[in-house]
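J.:
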Amino acid sequence: MQIDMQHISKSFGSNEVLKDVNFSVKGGEVHALMGENGAGKSTMMNILTGLLEPNSGTILVDGKETHFDNALEAEHHGIAFIHQEMNNFGEMPVLDNMFLNKEIKKGFGLIDNAKMKTIAQKALDQLDMKVDFSQPIGELSVGQQQMIEIAKSLMTDAKIIIMDEPTAALTQDEIQKLFVVIRKLRDQGVGLIYISHRMEELFEIADRVTVMRDGLTINTYNTADTNVKQIVHDMVGRDMGDFYPERHPKFGKTMLEVSGLTNDKFKDVSFSVRSGEVLAFSGLMGAGRTEIMRAIFGIDKLDAGTIKVDGKELTIKNPNDAISHNVGFLTEDRKTEGLILDATLADNIDLPSIDGFSKHGLIDEKADKDFVDMLLKRLNVKANGRDDEAGSLSGGNQQKVVLAKWVGSGSQVLILDEPTRGVDVGAKREIYDLMNELTDRGTAIIMVSSDLDEVLGFSDKIAVVYEGHLMDVVDTKDATQESIMTLATGGKNE
Amino acid sequence: MSNQTEVEAKKKFSFGDFYKKLGPMVALIVLIVLVSVLNFSFLDPLNLLNLLRQVSVNALIAFGMEFVILTGGIDLSVGAIVALSGAFTAQLVLAGVPTILSLLIGMLTGAIFGAINGVIIAYGKAAPFIATLATQTILRGATYVFTKGNPITGTKMSNNFGFQFFGQGYLFGIPFPVYIMAIFYICAFILLHRTTFGRKTYALGGNPKAAFVAGVKNNKMIILIYTIAGFLSAVAGAILTSRLASAQPDAGNAYEMDAIAAVVLGGTSLAGGKGRMFGTLIGALIIGVLNNGMNLLGISSFYQQIVKGIVILVAVLLDRKQAKA
């Protein structure tokens, strides 16, 4: 099967989102789609899957002009879309989720579980996967849930599968498994459209790549004939220089020192981070990195251990205690814990600092306003202004708003949990630059990251966690992909 | 991309924003015009003052309810707090306790009942609906026990000028409860819109997890907010007891519904995080005008309930429509 999208244009009101773009995908290839947030990738995919109507242009399926009125029609033509955020009902069993709204029935409206199981198992067999169908789907790992999504698309006999950032929440291990499946599907003649922000994956998995920018398709390459530099250049419209800015460390005194931290998720964790230092935390998903940080910040409870900030031993019972000692925490999930999406940028940014702008509880509106405007400008947040709703911004800008919150609260110890996840290339670079600026001025930064390139490319030291144990803290300049992965999987380096 | 579409959507629905801000005001004005045209005596100053006095009880409860609903919670016990705190106040007055002290103790008990609600919800992690439904039942039962099912009244109450003045008196030609309402409106407005407490209330309702991570002490906030709701209900209870010169065992029955209605009519979202104190004041006035107007027009109280229900339903449906937009 081959699909050609030709001269597609789409506007929302006066806003031209796609300008006469062309894109094609054929069976048996993995076609990557790259571009910053807002470049038009999602709109194009939504048009391809019948969710949106183009203003002009045609879609050819195997050379025949085809028109999809809705998502179901696209599905009938064998096009499946695996969205970045899976819409599963966590409490419902795996099987019920897989057949939601497509239940197979035997007489009297009764559901035919046996038949559904057979069909589902057949799809899972293709992926070499076994699950307990009666288990609530929310208990599966994100990687497994993703596999279920793929199985769902196989059940509809999909010929073209679109994957939107499928690896964003996967561990290295799960990514490799996913790639095996992708290659297998490709060899079976399925065409895959692969949307990702991760450059290294693209070269590992894709046959062709199309780069989009500002509603245009800039170029389409055979992956073998291009390189990272070229693609980054196409994405941002200029050369980025080195992807990771250089660290110029100037370390001061120890800002955070923890020892013997223990709760049911991790055991006897001790480390320290100095003023001006970026300490990366590496490890597989679920190793306990995030949990350690949550406990330090007072979100989760500690069973044992001591925390010293700036030389003083503290008891941190809740985030308020941590904040009052100038510790900041950018959480892994900005939508559920980082931002109040319905609230304005101003109300988000000043929340941890608001007590500082008040006398007897009354807010000094002028000081508050200046404070927010200064931070929006300093972090280069792209928005109409302080009264925009946080949820209306792109991922990268939302992340900058969360950062603004913690920069504004005067954090001396800043814990960043996956600071660049789901953030486009341009904003990523800005976040690194900001981290450099902060450490230059003496902030101590802990960066939890699942992106090994980032860990190696932008840190001074690397702490590796494996199953709740801190395996080692190594100097970044002595570390390699292999040495970190060995530690992260429980091994020891010679 | 979703970013751009949303920005676009925002422009398109600025009418919705307009409605959200001014809709309740427009509805109130339309209602006033309608009632005045149907019956001129509505605009009689005496009637309007009477209306404001009637509104004051519900408005006070609604101010507290606004805070509660902004956190995404609800307080069904306010009507029962009106009754029990009113009964305490009446009993204290009858026992010869100084009037001011009786009133203050009554209000304090209301605050304590509210605090208990807050503790149950914050530390017991109980759903506000169920928790306050339970305390409503308990407090109502306690009122019946305390009053033995009979009104508490006596000459010591009806002859007590200070106590009578609280709910029945006039100052410069305006009923005293209207002053109380105005003072507490200003307090509630400042608390919600000008203080860190208010900012944290919105944060708590908008996303409790993010608020907690940003240093908001969620449990403390919840307890304080339910305490405010209980306190204001008791103030309303004192006005009611004074006006009737007696504490009725079933006083304040279903008052929580009028208060919730005022909040919702004023444009506050039941999901929390969005709403204004001014809207709630307007909402309480809408309900007041509706009650007063229908009385003037001689509509039977049975029909009045139906009309009130329909008005609330329309308000909620309009609100949903905007939320979807």
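Here the protein sequences come in this chain order: G and W. Position 59 of the first sequence, counting from 1, maps to 270 under my numbering, and the rest follow consecutively. Position 43 of the second sequence, counting from 1, maps to 706 under my numbering, and the rest follow consecutively. Every residue, glycine too, gets a C-beta built ideally from N, C-alpha and C. Since the structure is predicted, the reported quantities are computational estimates derived from the model, not experimental observations.
1) Count the C-beta pairs between the stretch 884-899 of chain W and the stretch 596-609 of chain G that are closer than 8 Å, then say yes if the count reaches three, no if not.
2) List, in order along the chain, the chain G residues whose C-beta lies closer than 9 Å to that of K788/W?
3) How should N308/G be labelled, buried or exposed, when 16 other C-beta atoms within 10 angstroms of its C-beta is the threshold for buried?
4) What runs of the alpha helix (DSSP H), each 4 residues or longer, lie entirely inside the stretch 902-971 of chain W?
5) Under 6 Å Cβ to Cβ from T382/G, same chain only, skipping five residues before and after it: list those, please.
6) Compute the Euclidean distance between the alpha carbons of M446/G and G942/W, then round it to the nearest angstrom.
7) Let's see if you can read the secondary structure: which residues bound the alpha helix (DSSP H) around A282/G?
8) Since E548/G meets chain W, which of its residues come closer than 7 Å, beta carbon to beta carbon?
9) With a floor of 3 residues, list each beta strand (DSSP E) that falls wholly inside the stretch 420-469 of chain G, ordered by position along the chain.
10) Assign F965/W to one of two classes, buried (16 or more other C-beta atoms within 10 Å of its C-beta) or exposed (fewer than that).
11) At what residue ranges does the stretch 815-885 of chain W contain a whole run of the alpha helix (DSSP H), taking only runs of 4 or more?
12) In three-state terms, what does DSSP make of P687/W?
13) Contact defined as beta carbons within less than 8 Å: I believe L747/W pairs with F809/W. What is the distance between those atoms, to the nearest angstrom?
14) Is there at least one Cβ from chain W nearer than 8 Å to F582/G's Cβ?
15) Can you tell me where the alpha helix (DSSP H) with L490/G in it begins and where it stops?
16) Any heavy atom of the ligand PLP within a distance shorter than 7 Å of the CB on D689/G?
17) Can you check whether the CB of M728/W is closer than 8 Å to the CB of V745/W?
18) Going along chain W, which residues have a C-beta under 8 Å from I565/G?
19) Taking Cβ positions, are P456/G and L541/G nearer each other than 8 Å?
20) State the start and end residues of the unbroken beta strand (DSSP E) segment that holds K230/G.
21) What number of angstroms, rounded off, separates the C-alpha of I386/G from the C-alpha of S661/G?
22) Just the chain G side, please: which residues come within less than 8 Å of A866/W by C-beta, in chain order?
23) Return the residue from the list G274/G, D514/G, R458/G that minimises the CA-CA distance to I214/G.
24) Per DSSP, what kind of secondary structure is E240/G in: helix, strand or coil?
25) How long is the line joining the alpha carbons of D231/G and L691/W, rounded to whole angstroms?
26) Pull up the distance between the alpha-carbon of F669/G and that of R485/G, whole angstroms please.
27) In the DSSP output, what is K523/G paired with across the bridge?
28) Can you give me the C-alpha to C-alpha distance between A753/W and N916/W, rounded to a whole angstrom?
29) Among the residues of its own chain, which have a CB less than 6 Å from the CB of A314/G, if the five just before and after it don't count?
30) Name, going along the chain, the residues of the stretch 933-965 of chain W whose beta-carbon falls closer than 8 Å to a beta-carbon of chain B.
31) According to DSSP, is A672/W helix, strand or coil?
32) Starting from the beta carbon of K880/W, find every residue of chain G whose beta carbon is closer than 8 Å, and list them in chain order.
33) Determine the direct distance from the alpha carbon of R419/G to that of N666/W, and round the result to whole angstroms.
34) Got a sec? Which residues, its chain only, sit under 8 Å from A417/G by beta carbon, not counting five neighbours each side?
35) What residues match up with P304/G in a beta bridge as DSSP calls it?
36) Return the bridge partner residues of G539/G from the DSSP annotation.
T.: With the given structure in hand:
1) no
2) Within chain G, no residue comes near K788/W; the closest Cβ sits about 16 Å away, beyond 9 Å.
3) Buried.
4) 918-928, 940-959
5) L495, M496
6) 47 Å
7) 282-287
8) Counting only Cβ-Cβ distances below 7 Å, E548/G has contacts in chain W at K872, A873, V876, in chain order.
9) 427-433
10) Counting the other CB atoms within 10 Å of its CB gives F965/W a total below 16, which places it among the exposed residues.
11) 818-821, 824-831, 839-856, 859-869, 871-876
12) Looking at P687/W - three-state DSSP - the assignment turns out to be helix.
13) So it is a contact: roughly 7 Å between Cβ atoms.
14) no
15) No alpha helix (DSSP H) contains L490/G, which is instead part of the beta strand (DSSP E) from 489-494.
16) This structure does not include the ligand PLP; it has no bound ligands of any sort.
17) no
18) T859, R862, K863
19) no
20) 226-237
21) 12 Å
22) I551, A554, D558, L562
23) G274/G
24) coil
25) 51 Å
26) Answer to the nearest angstrom: the Cα atoms are 16 Å apart.
27) V520/G
28) 18 Å
29) Sequence inspection shows Glu at residue 314/G; the Ala mentioned does not correspond to that position. So the list reads I322, once near-sequence residues are dropped.
30) Structure shown: chain B not included; protein chains present are G and W.
31) With a pLDDT of 42 at A672/W, under the threshold of 50, the modelled position of this residue cannot be trusted; read the value that follows with caution. In this structure, A672/W counts as helix in the three-state DSSP scheme.
32) The contacting residues are N529, N531.
33) The predicted position of N666/W is uncertain, since its pLDDT is 43 and thus under 50; a value taken from the coordinates is nonetheless stated next. So the two alpha carbons sit approximately 27 Å from each other.
34) V241, H242, A243, Y405, T434
35) P347/G
36) L625/G
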